[in-house]
Every structure is written in structure tokens, then in C-alpha cells.
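Q: Numbering (the working numbering), first residue to last: 14 to 550.
1. Quick one: Cα of residue 152 to Cα of residue 177, how far?
2. How many angstroms separate the CA atom of residue 109 from the CA atom of residue 82?
3. Taking the alpha-carbon positions, what's the residue 179 to residue 123 distance?
4. Between 313, 171, 403, which lies nearest to residue 418 when the distance is taken from Cα to Cα?
5. Using a Cβ distance threshold of 8 angstroms, determine whether the stretch 361 to 371 contacts the stretch 220 to 230, with at least three qualifying pairs required.
6. Taking Cβ positions only, does residue 529 come closer than 8 angstroms to chain B?
7. Any idea if residue 616 is buried or exposed, counting beta-carbon neighbours within 10 angstroms, 16 or more meaning buried?
8. Measuring CB to CB, does residue 375 end up less than 8 angstroms from residue 69?
9. Given a threshold of 16 other Cβ atoms within 10 Å of its Cβ, counted over all protein chains shown, does residue 302 qualify as buried or as exposed?
10. Count the C-beta pairs between the stretch 55 to 69 and the stretch 100 to 107 that are closer than 8 angstroms, then say yes if the count reaches three, no if not.
11. Would you report the Cα separation of residue 468 and residue 500, rounded to the nearest angstrom?
12. For residue 531, write down the residues that DSSP places opposite it in a beta bridge.
13. Does the distance from the C-beta atom of residue 202 to that of residue 141 stay below 8 angstroms?
14. In or out: residue 290 buried (at least 16 other Cβ within 10 Å) or exposed?
15. What first and last residue would you give for the beta strand (DSSP E) that runs through residue 464?
16. Extract the residue ranges of the alpha helix (DSSP H) inside the stretch 413 to 474, only unbroken runs of 4 or more that lie entirely within it.
17. Nearest to residue 207 by alpha carbon, out of 196, 183, 466?
18. Taking all protein chains shown into account, do 16 or more other C-beta atoms lie within 10 angstroms of the C-beta of residue 73, making it buried, or fewer, making it exposed?
19. Pick helix, strand or coil for residue 230, following the three-state DSSP scheme.
20. Tell me the DSSP secondary structure of residue 106 in three-state form.
21. Look at the Cβ atom of residue 551, then the Cβ atom of residue 492, and state whether they are nearer than 8 angstroms.
22. Shortest alpha-carbon distance to residue 445 belongs to which of 508, 438, 397, 322?
23. If you follow the beta strand (DSSP E) that residue 505 is in, where does it begin and where does it stop?
24. Within its chain, find whatever has a CB closer than 7 angstroms to the CB of residue 228; leave out the 5 residues flanking it on each side and keep chain order.
25. Report the three-state DSSP secondary structure of residue 133 (helix, strand or coil).
26. For the putative contact between residue 527 and residue 503, defined by C-beta atoms under 8 angstroms, what is the C-beta separation to the nearest angstrom?
27. Does DSSP classify residue 33 as helix, strand or coil?
28. Specify the secondary structure class of residue 342 as computed by DSSP and reduced to three states.
29. Helix, strand or coil for residue 118 per DSSP?
30. In angstroms with no decimal places, state the Cα-to-Cα distance between residue 308 and residue 423.
31. Alpha carbon to alpha carbon, what distance is there between residue 143 and residue 137?
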């Protein structure tokens, strides 16, 4: 576990071994001595997998460009410039700090930070499984399962803040399970600290923290009225804080100046609520008039809700994978885990809270990226190792059930194949990096470059995010139809193999031919154009 995790464990005083099926409070050092070889193996294996993922896919992702630009600003002391790029700066500031503490550059520092966060996530997952009553063999299965989990390994090469959010969320989950078992205040405090740190990476953690007191009200962990009133008061306080935070976020999206919000908070709040209501009305009207008939228009709200739920369920199951969903369901159904009703109810209500949050987000954006479901997926996944251990024990004792004798080896093969496939991260996007680096090497630093790819701009040493221009295909053709295109010295345009006709359209519009073309084995390419001196404005 990382230093921050050790501080949280010391705050909670967790002893991860069973005594009468209750996890007691003790010194952190005992936690490290208990199965520490498994934690150490899992952390080292996670670091190695992260190193392999970056080696196999060294190309920066789209969001990573933004984080690295902001981190460069923070490292140089340009705080206002960094904040202007990303208003949730914890991840970028963390990258900047790592780059200051190590001889690595900003990009390598980001990968090192992510590797540490993923290692912390794996250890936190094992800790959570341990708090649920997992034995040594359960921890071994949990480590193998998570290290080979396809959805997690898919994101390892990416420079994204989700690693920090998920890492501290999983630790908070373990502390909350301990609280449900012991009614202790210190595990709850450690969970609050963990969720606060997670919220500094992604705002969703604050929304989850606001729901925790309400969830605990619905469990048997709060059996007395004094505790119920305590949780209710806590829920109100945290909800008010989160409402204020949500208003700030929606206000930023609505482009309401902060000074206006401070001077006239009631009107600004009413304006934000009005815009949200307009969104709801617009969505319902679109469904009512585009998809439904005159006589079925009243079903528009139902269609909207069902559509949102289908989107969330599809992405969640896609990230979880069917085999892991079945294993988690089996552990829950057979009560192999969550034997205590308080823990069981808490887990179920927490899953419901995640579904509500994901549905609300999907409504606001009308799309859902698969990585947004990872907190829900990990919450479900903590149950899966208990099913694997159950089948293993029955298989090891030579159970006479033929399905068990055949099923467990088949299960091992399926998980192994999924895991091995998840490590096949070799990328075909190196041509994008090569194109950007070629422009950087063969042009003057003052030369103006236009590209429809932020990644090309990044490797060309240009800042695509503060130019005041959108860099996409529509903007490219709009620019090509005006004389302004002649103010650029170079164009580096990315074309997918299915849209190579766009390349011909651009060349026909501006009358240029590429001076260099970079392509991958599938036919995707980046074409580099140089504007002749006689045409430049």
C-alpha cells in the first residue's frame, strides 16, 4: 500500500483477520504482516503490468494531452494557466509534483503516478475482499482476477484521473464494510478521508459520499434512533455541500461567471435549474415528436427512463463481462459473501446509488463512456473471488458433481483467456506520434501548424487547447473554404481508413498534395501538407 493508504489504515486501525467473523480494531502493522506476501506480489505484478501496457501502447490518449499541458503549467508555477485548462486540477498537480520529485519528464511522471495508483487500487481491492471475510486463498484468487481483469488493463496505458478516483474509492469501500460490521467510528472516518481524496480526482466521489449516510440509514447498521438522527443530519449537511458543488459545476457548464453567482446566488441558481428543466423538456419533446405517435406521446418519460437504464446497464455489463457478473451474482445468491445483513443491505443500496448517479449523468450528456461505470463494476466484482474459491474447494475435494468437476477447469480457462487477451495492448497508433515528431523536427518552432488531432499537435510540440479554435474535421473543411488556411505553414491531418475520401476533398479544396504520409497496417494515416511560400498570407 502507498503512504496515503497506510495513513488511512492507521486512522481506521483495521485488523484484517477473522475473529468470530468480526473484523476488530488493531495496529496497522498487523495488517501488513497478515498476508503481506500477497499484497506485495499483487503490487509488484500490477507495476509490471502497467510498465508493459505503456511499452505496448506508448501513445498519449486524447484526454492525456490536456492533463500534461496543465501539469507543465503547474510545474512551471503557472497556476492560473493550468486551472484554465482543467478546473479539477488534483491529477495534473500530482503529475507536476512527481515530475519535480523525479528526473522523469512530465509524460513519464504521469505513467509512474498511474502505475502507483493502480498498484494501490489492487491492494485496496484485496483489503476490501479481506474485510468481507476472505481467506488467504480468496485473496490469491482476488489478486489474479483483478490483475487479469480486462476492463482495468484496458485503461492502464491512458493518462487519466480515473486511476486515482478508483484507487481511493476501493479503499473507502473496504473501510465502509468494516464500519457495517463493527459500528466503529474510525473506519467511517477513514472512509470519509478516502472518498474526499477520491473526490479530488473525480466529482462522483463527493456524490457517493453524500449518499453514504442515507444508505446507512437503510441498513441494520443504524438500528437506534439516535444513530438514525445522526446519519440523517450528516446526510443533510453533506447533501447541501454536494448541491452547492453541483451548482458550481452546472454553473461552469452554463458559463455563468463566478462573480455573478456570488452577487446574485438565488437568480443564478434559478437560471441553472431552468436550464436543467429545459434539457429535460427538450429530451422529452424529441422523443415525443421524433419517435412516438400522436397517441403514444404520453409515454415519452417512460421511454426516456428505459433508454437511459438500458444504456447504463449495457455499458456496465460490457465492462464487467458476463462471466464475472455471473460469479458475483452466485456469491450473493448463495450467501458466500455478505453474510451479515447490514453488510448485505449496504452493498445492495450502494449498487443502487451507483445506478442512480450513472443514469443522471447519462441523462445530462446523453452518452456514457465505459470507464465511468468502473466504480460500479469494482463494487460488484468484490464478490466474484468468493465464488471462485467456492468452486475451487468443491473441485479440490473431488466433488461428485460432474458440473463442478468440469466447470471449474473451464472457468479457469475462460478467465485465463480473458486475462491474456487483456494484456494484448499493442497499439497501431504509432503513426500518429511519428507524424507529429516529424513536423516538430522538420519545421521551425514559430511555424503555424493545423491538425485535426490533439495527439499530433502534442507530439509536434504545439498547444492545441489554448488556440481558441476547434480541431476537428468539420472545422478543417470550414477553414479550407476560407483564405485563412493560407496563414498556416503546415497541415497534419488524420484520416481513418473508412474516411479516406475526406483526404481527397481537402486536397481538392486547397490544391495541396502531402509532403509526407504516415500510415498503419490497417490503412489509417496522417497526411502532412506544407503551404508553399507564395501562397502564405
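Ideal Cβ placement from N, Cα and C applies to all residues, glycine included.
A: The structure says:
1. 22 angstroms
2. 10 angstroms
3. 16 angstroms
4. 403
5. yes
6. Here chain B cannot be found, since the structure has a single protein chain.
7. Because the chain here runs from 14 to 550, residue 616 falls outside it and cannot be looked at.
8. no
9. exposed
10. no
11. 22 angstroms
12. 539
13. no
14. exposed
15. 462 to 464
16. 415 to 435, 443 to 455, 467 to 472
17. 183
18. buried
19. helix
20. helix
21. As shown, the chain starts at 14 and ends at 550. That puts residue 551 outside it, with no answer to give.
22. 508
23. 503 to 508
24. 359, 362, 363, 366
25. helix
26. The Cβ separation is near 11 angstroms, so there is no contact.
27. Any reading at residue 33 must be qualified, since the residue scores a pLDDT of 35, below 50, and its modelled position is unreliable; the value itself is stated next. Here residue 33 sits in coil by DSSP.
28. helix
29. coil
30. 52 angstroms
31. 10 angstroms
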